[in-house]
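Participant:
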DNA sequence: GACTGACCATCTGGGCATTTTGGTCAGTTG
DNA sequence: CAACTGACCAAAATGCCCAGATGGTCAGTC
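Residue numbers (full-length UniProt numbering), protein chains in the order written: chain A, 1 to 242; chain B, 1 to 242.
1) Using a beta-carbon distance below 8 Å, is residue 167 of chain A in contact with chain B?
2) Determine, using beta carbons only, whether residue 62 of chain B and residue 231 of chain B come nearer to each other than 8 Å.
3) For residue 9 of chain B, count neighbouring Cβ atoms within 10 angstroms of its own Cβ and tell me buried if that reaches 16, exposed if not.
4) Are the segment 12-25 of chain A and the segment 72-91 of chain A in contact at 8 Å, needing three or more beta carbon pairs?
5) Is there contact between the segment 136-151 of chain A and the segment 100-115 of chain A, where contact requires at least three CB pairs shorter than 8 Å?
6) Against chain B, with Cβ distances strictly below 8 Å, would residue 160 of chain A count as a contact?
7) I'd like to know whether the C-beta of residue 90 of chain B is nearer than 8 Å to at least one C-beta of chain A.
8) If you drop the 5 nearest sequence neighbours on each side, which residues of the same chain put their C-beta closer than 8 Å to that of residue 100 of chain A?
9) Take residue 31 of chain A and list the residues in its own chain whose beta-carbon comes closer than 6 Å to its own, dropping the five residues that flank it on each side.
10) Can you tell me where the alpha helix (DSSP H) with residue 78 of chain B in it begins and where it stops?
11) Is the beta carbon of residue 93 of chain A sitting closer than 8 Å to the one on residue 166 of chain A?
12) So what does DSSP say about residue 187 of chain B, is it helix, strand or coil?
13) If you drop the 5 nearest sequence neighbours on each side, which residues of the same chain put their C-beta closer than 8 Å to that of residue 200 of chain A?
14) First and last residue of the alpha helix (DSSP H) that includes residue 50 of chain A?
15) The alpha helix (DSSP H) spanning residue 151 of chain A covers which residue range?
16) If the criterion is Cβ atoms closer than 8 Å, does the pair residue 192 of chain A and residue 76 of chain A meet it?
17) Excluding the 5 residues flanking residue 95 of chain A on each side, which residues of the same chain have their C-beta closer than 8 Å to its C-beta?
18) For residue 160 of chain A and residue 183 of chain B, which I take to be in contact (beta-carbon distance under 8 Å), what is that distance rounded to the nearest angstrom?
19) Since residue 48 of chain A and residue 15 of chain A are thought to touch, with beta carbons under 8 Å apart, how far apart are those beta carbons, to the nearest angstrom?
20) What ranges does the beta strand (DSSP E) occupy inside the segment 115-148 of chain B, keeping only unbroken runs of at least 3 residues that lie completely in it?
21) With a threshold of 8 Å on Cβ separation, who are the neighbours of residue 55 of chain B within its own chain once the five nearest residues in sequence on each side are excluded?
22) How would you list, in chain order, the residues of chain B whose beta-carbon sits under 8 Å from the beta-carbon of residue 85 of chain A?
23) Report back the beta-carbon spacing between residue 164 of chain A and residue 168 of chain B to the nearest angstrom; my notes put them in contact at under 8 Å.
24) By the three-class DSSP mapping on this structure, what secondary structure does residue 86 of chain A have?
25) Would residue 101 of chain A count as contacting chain B if we go by Cβ distances under 8 Å?
26) Ordered along the chain, which non-local residues of its own chain (more than five positions away) have a Cβ less than 8 Å from that of residue 227 of chain B?
27) If you count every other CB in all the chains shown that lies within 10 Å of the CB of residue 34 of chain B, and 16 or more means buried, which is it?
28) Tell me which residues share the same chain as residue 142 of chain B and place their Cβ nearer than 8 Å to its Cβ, disregarding the 5 neighbours each side in the sequence.
29) Buried or exposed, going by whether 16 or more other CB atoms sit within 10 Å of the CB of residue 207 of chain B?
30) Residues of the segment 195-214 of chain B in Cβ contact with chain A at a cutoff of 7 Å, in chain order, please.
31) For residue 136 of chain A, collect the residues of the same chain with a Cβ closer than 6 Å to its Cβ; drop the 5 residues on either side in sequence, then sort them by chain order.
32) May I have the straight-line CA-CA distance separating residue 114 of chain B from residue 106 of chain B, to the nearest angstrom?
33) Give me the Cα-Cα distance between residue 274 of chain B and residue 123 of chain B, rounded to the nearest whole angstrom.
34) Is DSSP giving residue 310 of chain A helix, strand or coil here?
35) With DSSP run on the structure shown, which of helix, strand or coil describes residue 213 of chain A?
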């Protein structure tokens with residue numbers, strides 16, 4: 001079951017939400033603790049009751065975004081197991097990685113966001129498991145076992161290709177080197193069709209298969225989610241860090 | 001026929017080659033005219049006999065790289081028309097856009113390279129035609145007409161997807177956000193297989209079809225190439241610029 | 001015991017002096 | 001005479017310094 005990551009204290013929650021907004025406005029670099037405290041209506045010291053460092057606060061935010069995104073996918077998948085089909089699922093992943101602010105910046109190669117990760121190897125390793133490259137491999141493995149993905153190519157090749165495809169769709173939408181041709185259709189749909197052509201077999205899978213696969217994919221997400229939530233605890237104040 | 005873009009004067013050629021090396025070593029930003037002149041064994045003033053501006057010199061270099069890359073593909077295609085098959089051709093394009101220095105920087109989003117283009121709209125527009133996004137559309141159109149690409153999806157969708165795929169493979173190879181899984185196989189091969197699955201039909205095309213398609217694709221490249229060569233002339237000294 | 005804000009050491013960034021750089025041109029060379 | 005050069009200049013970039021801002025602390029308040 002999707003667990004929303006609520007903070008125990010309402011003040012901590014307000015601090016998180018203020019941080020999110022300010023990062024959205026000014027970017028990671030420009031945001032200051034004083035500003036955050038003011039926007040949250042608390043004293044500066046209060047921030048340090050919940051996080052030992054400004055960086056820990058930001059990492060916490062990243063983690064929560066990832067959990068939120070994963071939970072979004074999980075809710076959708078629970079409501080409609082048909083979304084496990086590779087095409088649908090990939091489009092869903094694209095959406096969840098395109099929307100959350102910090103994850104988007106990370107994927108887009110934002111310098112400040114990358115630096116943040118660079119010095120916190122423990123957080124980076126945990127968060128990496130929710131990154132598209134990791135999810136692609138994990139999910140494809142499950143889908144292959146359930147016959148929802150063709151097996152005429154090696155898993156590693158398929159995962160590599162799918163990850164590149166996802167990254168490409170993301171890059172085209174976020175960074176335009178030359179002015180590309182405008183697409184009148186929803187890129188998510190085009191991605192879905194592309195993945196379908198690329199990975200799905202000819203036979204229409206039955207409801208039972210879809211349900212079982214969805215269940216297992218949910219379990220994968222669940223574990224990643226749980227690990228991140230677990231890690232978020234270590235970002236709480238007083239915990240030792242590397 | 002592939003035309004190598006030799007400069008009339010041997011000194012100009014030396015300047016170009018010195019510039020290429022220095023840009024490779026120090027990057028666009030750090031390279032200076034004095035340095036270039038010294039490396040080429042000429043006086044500073046000599047550089048300005050052939051290019052009105054440092055930027056024109058760099059743009060010239062970009063154009064020559066593009067022409068060189070296109071010619072490489074053309075030579076390969078002339079030697080083996082079987083390379084027009086979508087998978088092969090895409091892999092070839094990936095290679096030619098991954099290797100040339102300045103084009104690589106452009107595609108990777110290098111700030112200096114992008115700034116260079118930003119202020120020279122005329123060069124940018126010409127060079128854009130040799131960019132992957134443009135070539136994808138142009139080439140796919142031809143391949144569809146020759147039955148080498150399935151027509152179950154709209155051309156614009158296929159072009160968008162192919163471009164994203166190409167960009168993704170490029171991005172994965174050049175910029176690793178999180179440390180991705182190492183692939184033991186040649187990514188170019190994986191790309192080729194992926195595109196094949198994505199675009200090629202079931203029937204094996206005959207030699208005649210391949211030859212005819214190759215011919216037409218060559219013509220497309222030829223025209224783009226010619227336009228760039230033509231534009232390079234306008235970068236020669238004394239020409240008016242915007 | 002949750003919370004605050006004045007306080008401190010450290011860091012950032014804006015302004016300025018200095019150096020470097022793109023570009024010119026009078027003069028040299030062959 | 002035509003190709004070429006390098007001293008020269010204005011403009012841009014670089015490095016430097018210090019005032020002001022910032023992350024983090026803690027004695028004290030509620």
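Just so you know, even glycine gets a beta-carbon here, dropped at the ideal spot from N, CA and C.
Facilitator: Once the coordinates are examined:
1) The residue you call residue 167 of chain A lines up with position 167 of the first chain. Closer than 8 Å: yes.
2) For the purposes of this step, residue 62 of chain B is taken as residue 62 along the second chain, with counting starting at 1. For the purposes of this step, residue 231 of chain B is taken as residue 231 along the second chain, with counting starting at 1. Contact flag unset, no.
3) Numbered from its first residue, the second chain carries residue 9 of chain B at position 9. It counts as exposed.
4) As far as the Cβ criterion goes, the segment 12-25 of chain A does not touch the segment 72-91 of chain A, which means the pair count is below three.
5) Contact fails: fewer than three Cβ-Cβ distances are below 8 Å.
6) Position 160 of the first chain holds residue 160 of chain A. Interface criterion met: the Cβ of residue 160 of chain A is under 8 Å from a Cβ in chain B.
7) As a first step, residue 90 of chain B is located in the second chain; it is residue number 90 there, counting from the start. Taking 8 Å as the threshold, the shortest C-beta distance from residue 90 of chain B to chain A does not fall below it.
8) Numbered from its first residue, the first chain carries residue 100 of chain A at position 100. The answer, listed in chain order, is 65, 66, 68 and 69.
9) Counting from 1 along the first chain, the entry for residue 31 of chain A is found at position 31. The answer, listed in chain order, is 22 and 23.
10) The residue you call residue 78 of chain B lines up with position 78 of the second chain. Counting along the chain, the alpha helix (DSSP H) containing residue 78 of chain B begins and ends at 54-79.
11) Here residue 93 of chain A refers to the residue found at position 93 of the first chain. Here residue 166 of chain A refers to the residue found at position 166 of the first chain. Yes. Within cutoff.
12) Counting from 1 along the second chain, the entry for residue 187 of chain B is found at position 187. If DSSP states are grouped into helix, strand and coil, residue 187 of chain B belongs with the helices.
13) On the first chain, residue 200 of chain A is found 200 positions in, with the first residue counted as 1. The answer, listed in chain order, is 85, 86, 87, 148, 149 and 150.
14) The residue you call residue 50 of chain A lines up with position 50 of the first chain. Unbroken alpha helix (DSSP H) run through residue 50 of chain A: 44-50.
15) As a working note, residue 151 of chain A is residue 151 in the first chain. Residue 151 of chain A -> no alpha helix (DSSP H), and no H or E assigned at all.
16) Here residue 192 of chain A is taken as the residue at index 192 of the first chain, counted from 1. Here residue 76 of chain A is taken as the residue at index 76 of the first chain, counted from 1. It is not a contact, given that the beta carbons lie outside the stated cut-off.
17) Residue numbering aside, residue 95 of chain A sits at position 95 when the first chain is read from its first letter. Correct list, in chain order: 188.
18) By 1-based counting over the first chain, the position of residue 160 of chain A is 160. By 1-based counting over the second chain, the position of residue 183 of chain B is 183. About 5 Å separates the beta carbons of residue 160 of chain A and residue 183 of chain B, which is inside the 8 Å limit, making them a contact pair.
19) Counting from 1 along the first chain, the entry for residue 48 of chain A is found at position 48. Counting from 1 along the first chain, the entry for residue 15 of chain A is found at position 15. With a Cβ gap of about 10 Å, residue 48 of chain A and residue 15 of chain A do not count as contacting.
20) Taking only runs of at least 3 residues, no beta strand (DSSP E) segment lies wholly in the segment 115-148 of chain B.
21) Within the second chain, numbered from 1, the residue matching residue 55 of chain B stands at position 55. Counting only residues of its own chain and dropping the five nearest sequence neighbours on each side, residue 55 of chain B has a CB closer than 8 Å to the CB of 116, 119 and 120.
22) In the first chain, the residue the question calls residue 85 of chain A occupies position 85. The contact set of residue 85 of chain A on chain B, defined by CB atoms closer than 8 Å, is empty, because the minimum CB distance reaches about 17 Å.
23) Here residue 164 of chain A is taken as the residue at index 164 of the first chain, counted from 1. Here residue 168 of chain B is taken as the residue at index 168 of the second chain, counted from 1. Between residue 164 of chain A and residue 168 of chain B a beta carbon distance of about 4 Å is seen, short of the 8 Å cut, so the two are scored as contacting.
24) By one-based count along the first chain, residue 86 of chain A stands at place 86. In this structure, residue 86 of chain A counts as helix in the three-state DSSP scheme.
25) The residue you call residue 101 of chain A lines up with position 101 of the first chain. Chain B contact via Cβ: absent.
26) Numbered from its first residue, the second chain carries residue 227 of chain B at position 227. So the list reads 126 and 129, once near-sequence residues are dropped.
27) As a working mapping, residue 34 of chain B is identified with position 34 in the second chain. Exposed is the call here.
28) Residue 142 of chain B sits at position 142 when you count from the first residue of the second chain. When the five nearest sequence neighbours on each side are left out, the beta carbons in the same chain lying within less than 8 Å of the beta carbon of residue 142 of chain B are those of 213, 216, 217 and 220, in order along the chain.
29) Position 207 of the second chain, counting from 1, holds the residue named residue 207 of chain B. Under this definition residue 207 of chain B is an exposed residue.
30) Within the segment 195-214 of chain B, those residues whose Cβ lies closer than 7 Å to any Cβ of chain A are, in chain order, 197 and 198.
31) The residue given as residue 136 of chain A occupies position 136 in the first chain. Once the five neighbours on either side are set aside, the close Cβ partners of residue 136 of chain A are 159, 162 and 163.
32) Numbered from 1 along the second chain, position 114 holds the residue referred to as residue 114 of chain B. Numbered from 1 along the second chain, position 106 holds the residue referred to as residue 106 of chain B. Those two C-alpha atoms are separated by around 6 Å.
33) Look at the range of chain B in this structure, 1 to 242, and you will see that residue 274 of chain B is not part of it.
34) Since the first and last residues shown for chain A are 1 and 242, residue 310 of chain A lies out of range.
35) The residue given as residue 213 of chain A occupies position 213 in the first chain. Under the three-state reduction of DSSP output, residue 213 of chain A falls in the helix class.
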